[in-house]
Every structure is written in structure tokens, then in C-alpha cells.
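Q:
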């Protein structure tokens, strides 16, 4: 089994490290119902944590970097102009699409002047004006402080959700019901059953090849996590299962993997494992990670982090 702490890094690297807030009305209306994962962040709190900023700079996934680059290409500085940023991956015609919603105080006159200077003209879809923004992405304004962006197909699906042609995430009870448990945290995210199963398979590594996991994974219904940086680094993940027996069984598998790896590692890697706890609570498997800034800084500089974040 690969080092179980990679689970924490896997979860945390899926989103940018900042502080977040509950989904706003505009964001909810444009996220299609068949969503696999939602990640919400708040750039305004990024500067308050040096560790959070360093993790963002060193471990931002490529697809998130592309989004940031596209925003910068139209004159938007994420650090300066964006308050909240929400990403959602959803299924569309058998494929996974990704869209984003940026909320902030945008210099619209400057942005549109830059677009005109580049002779970029919008296309129209329904009542929305779609502007190319680089890296294969398009953008449109939902209102003066809310921007929707993604590839053209994803954008069209989002607009259809807003206009009521397809269902929005508001109709997805299994995900919206678990949001309140995490949406007051720093970074927060929710995943559906399929996304949760893929996440746990990656986190468990070799152990996921066991026949028992194939049985257990069908009982993983959803998951949610949050990160906070107010007093050190705190990470909490809940995996919602079908029953208490499944949660307890999965907890046993995870604990065994952690114990095995503790005997193989030392230094920051062992300290990371010592900082993680796992428990089952009714039908939920719960992960907790706690570290002060100094300990987490050591982890960022470890070989483990370098290997997992490549």
C-alpha cells in the first residue's frame, strides 16, 4: 500500500488553498445537477496564512493553473480581484466537464477595453455573451460581480442550467444536503458517490485491489472535506457510507494501512501520520489531520510531498 498520508495530499491538492464560503445563489443556478465534485475557495483569506499560500503556489493542479492563467489573460488578478472562486466538475454526454464561477470586484471597463484592443468579439448563446479568454476557455458575466467560465461545452451546459433547460445542482439532494457540514470551513468540497469511490481507491493504493474493497466501494455514497488555517493546518474529511458496518470496516482497513506505513517511514512523513486520526461514527468514516505551521512546513519540504505532488 502506498503511504496513506498521500490521501490527505490527494484531497487537499484537488482545490486551491484559501478560505471559502457557502455557495451563492448565482453559483448554484449554473452548476448542472449531475455534478461529481464542487470546490469552493476564498482568495481574500489567502494572504493570512503563509503555509496556505505556499501550498497553493507549489501544489496547484494543472487544470486550476490553466483557469488562473485564463483569468489573468483577460486582465483579472485572482489575488487582487477575486473574492470567491467555485469550481465544479460534472458529467455531460459521458464526459467530465469543468466550469468555474468567480465572484469579486472586477474592473469591467478595463477588461472589455482589453478584449476590444485584441479584437475579440463575443458570440451569443441564449441571452449570454460569450468571450474567448485563452487556454480554450470562454467566459460570460452573470452580473457585474459574477463571472462564469469554462470550455464552450461546459459553459453552454451551465447556461442551460441557469435558464431551466436542464436541472441545476439545487435538484441534487445528496450533495446539497451535505454541504452545510463543511461550507463554513476554509477550503471545502463535496463529492458524489462515483467521485468518492475514485478518491478512496487512489488513497488506499494497493489495498484497494482487495476483493473486500470492491464490495465496500459500492456502499460509499458521498464525501465532504474542509481545511482551515486559523491555528495551524486542520483537515477534516467525512466519507458517507450506506451503513455503520461499512464505515467500521473501512476504518479498520485504513487504520491498518496507517500502522503499517508508520513502521516504514521517519521524519516529516512519520510526523504527518502521527498527526492523522481515523474513526467511524455511525455511517461515516472520518479523517482528521492537525499540524502547526512549523510541522506542516516540514512536510511541504519532504520527499513525500515532492513525490505525491508531481
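In our numbering, the protein residues as written are -19 to 290. From the three backbone atoms N, C-alpha and C, an ideal C-beta is built for every residue, glycine too. Only a predicted model underlies this, so the values are computations on that prediction, with no experimental measurement involved.
#1: Report the three-state DSSP secondary structure of residue -2 (helix, strand or coil).
#2: As a quick exercise: from 45, 91 and 74, pick the residue whose alpha carbon is nearest that of residue 56.
#3: Quick one: what does DSSP say residue 276 is sitting in, helix, strand or coil?
#4: Do residue 201 and residue 267 have their C-beta atoms closer together than 7 Å?
#5: By how many angstroms is the C-alpha of residue 249 removed from the C-alpha of residue 67?
#6: By alpha-carbon positions, which one of 74, 123 and 168 ends up nearest to residue 133?
#7: Flag this pair as yes or no: are the beta carbons of residue 220 and residue 264 separated by less than 7 Å?
#8: Where does residue 262 sit, in a helix, a strand or coil, going by DSSP?
#9: In angstroms with no decimal places, state the Cα-to-Cα distance between residue 72 and residue 16.
#10: In the DSSP output, what is residue 205 paired with across the bridge?
#11: Which class does residue 53 belong to by DSSP, given the choice of helix, strand or coil?
#12: Can you tell which of 194, 140 and 205 has its C-alpha closest to the C-alpha of residue 164?
#13: Check each candidate in 13, 228, 209 and 183 and name the one with the smallest Cα separation from residue 199.
#14: Helix, strand or coil for residue 100? Go by DSSP, reduced to three states.
#15: Counting along the chain, where does the beta strand (DSSP E) carrying residue 112 start and finish?
#16: Among 108, 128 and 54, which residue has its Cα nearest to the Cα of residue 98?
#17: DSSP state of residue 160, grouped into three classes?
#18: Report the residue from 64, 105, 110 and 82 whose alpha carbon sits nearest the alpha carbon of residue 95.
#19: In three-state terms, what does DSSP make of residue 181?
#20: Rounded to whole angstroms, how far is the Cβ of residue 122 from the Cβ of residue 10, which I believe are closer than 8 Å?
#21: In whole angstroms, what is the alpha-carbon distance linking residue 126 and residue 44?
#22: Can you tell me which residues form a DSSP beta bridge with residue 148?
#23: Let me check understanding here. Comparing Cα to Cα, which of 6, 277, 262 and 255 lies closest to residue 124?
#24: Beta-carbon separation of residue 143 and residue 106 under 7 Å?
#25: Select from 36, 35, 34 and 113 the residue whose C-alpha is nearest the C-alpha of residue 302.
#26: Grab the span of the beta strand (DSSP E) containing residue 127 for me, first residue to last.
A: On the basis of the supplied data:
#1: The residue you call residue -2 lines up with position 18 of the chain shown. Note that residue -2 has pLDDT 37, beneath the 50 cutoff, so the model's placement of it is unreliable and no number is given.
#2: Your numbering for residue 56 matches position 76 in the chain shown. Among 45, 91 and 74, the Cα nearest to that of residue 56 is on 91.
#3: Counted from its first residue, the chain shown places residue 276 at position 296. Of the three classes helix, strand and coil, the one that applies to residue 276 here is helix, per DSSP.
#4: Here residue 201 refers to the residue found at position 221 when the chain shown is read from its first residue. Here residue 267 refers to the residue found at position 287 when the chain shown is read from its first residue. Cβ atoms of residue 201 and residue 267: not closer than 7 Å.
#5: For the purposes of this step, residue 67 is taken as the residue at position 87 of the chain shown. For the purposes of this step, residue 249 is taken as the residue at position 269 of the chain shown. Whole-angstrom Cα-Cα distance: 30 Å.
#6: Your numbering for residue 133 matches position 153 in the chain shown. Among 74, 123 and 168, the Cα nearest to that of residue 133 belongs to 74.
#7: Reading the chain shown from its first residue, position 240 is the one you call residue 220. Reading the chain shown from its first residue, position 284 is the one you call residue 264. A contact, by the Cβ cut-off of 7 Å.
#8: Reading the chain shown from its first residue, position 282 is the one you call residue 262. Three-state result, residue 262: coil.
#9: Taking the first residue of the chain shown as 1, we reach residue 72 at position 92. Taking the first residue of the chain shown as 1, we reach residue 16 at position 36. If I take the Cα positions, the gap works out to 11 Å.
#10: One-based indexing of the chain shown puts residue 205 at position 225. Looking at the DSSP assignment, residue 205 forms a beta bridge with 169 and 217.
#11: Taking the first residue of the chain shown as 1, we reach residue 53 at position 73. Of the three classes helix, strand and coil, the one that applies to residue 53 here is helix, per DSSP.
#12: On the chain shown, residue 164 is found 184 positions in, with the first residue counted as 1. Comparing Cα-Cα distances from residue 164 to each of 194, 140 and 205, the minimum goes to 205.
#13: Reading the chain shown from its first residue, position 219 is the one you call residue 199. Residue 228 is the option with its Cα nearest to residue 199.
#14: In the chain shown, the residue the question calls residue 100 occupies position 120. It is coil, neither helix nor strand.
#15: Here residue 112 refers to the residue found at position 132 of the chain shown. 108 to 114 is the span of the beta strand (DSSP E), which, as asked, contains residue 112.
#16: Looking up residue 98 in the chain shown gives position 118. The shortest C-alpha separation from residue 98 is found at 54.
#17: As a working mapping, residue 160 is identified with position 180 in the chain shown. Residue 160: helix per DSSP, three-state reduction.
#18: On the chain shown, residue 95 is found 115 positions in, with the first residue counted as 1. Checking every option, the nearest Cα to that of residue 95 belongs to 110.
#19: As a first step, residue 181 is located in the chain shown; it is residue number 201 there, counting from the start. If DSSP states are grouped into helix, strand and coil, residue 181 belongs with the helices.
#20: Looking up residue 122 in the chain shown gives position 142. Looking up residue 10 in the chain shown gives position 30. Yes, they are in contact, since the Cβ atoms of residue 122 and residue 10 sit about 7 Å apart, within 8 Å.
#21: One-based indexing of the chain shown puts residue 126 at position 146. One-based indexing of the chain shown puts residue 44 at position 64. About 18 Å.
#22: As a working mapping, residue 148 is identified with position 168 in the chain shown. BP columns for residue 148 point to 12.
#23: In the chain shown, counting from the first residue as 1, residue 124 sits at position 144. Per the Cα distances, 6.
#24: On the chain shown, position 163 is the one that residue 143 refers to. On the chain shown, position 126 is the one that residue 106 refers to. Against a cut-off of 7 Å, the Cβ pair of residue 106 and residue 143 comes out as a contact.
#25: In this structure the chain extends from -19 to 290, so residue 302 is not present and cannot be described.
#26: Residue 127 sits at position 147 when you count from the first residue of the chain shown. 126 to 130 is the extent of the beta strand (DSSP E) around residue 127.
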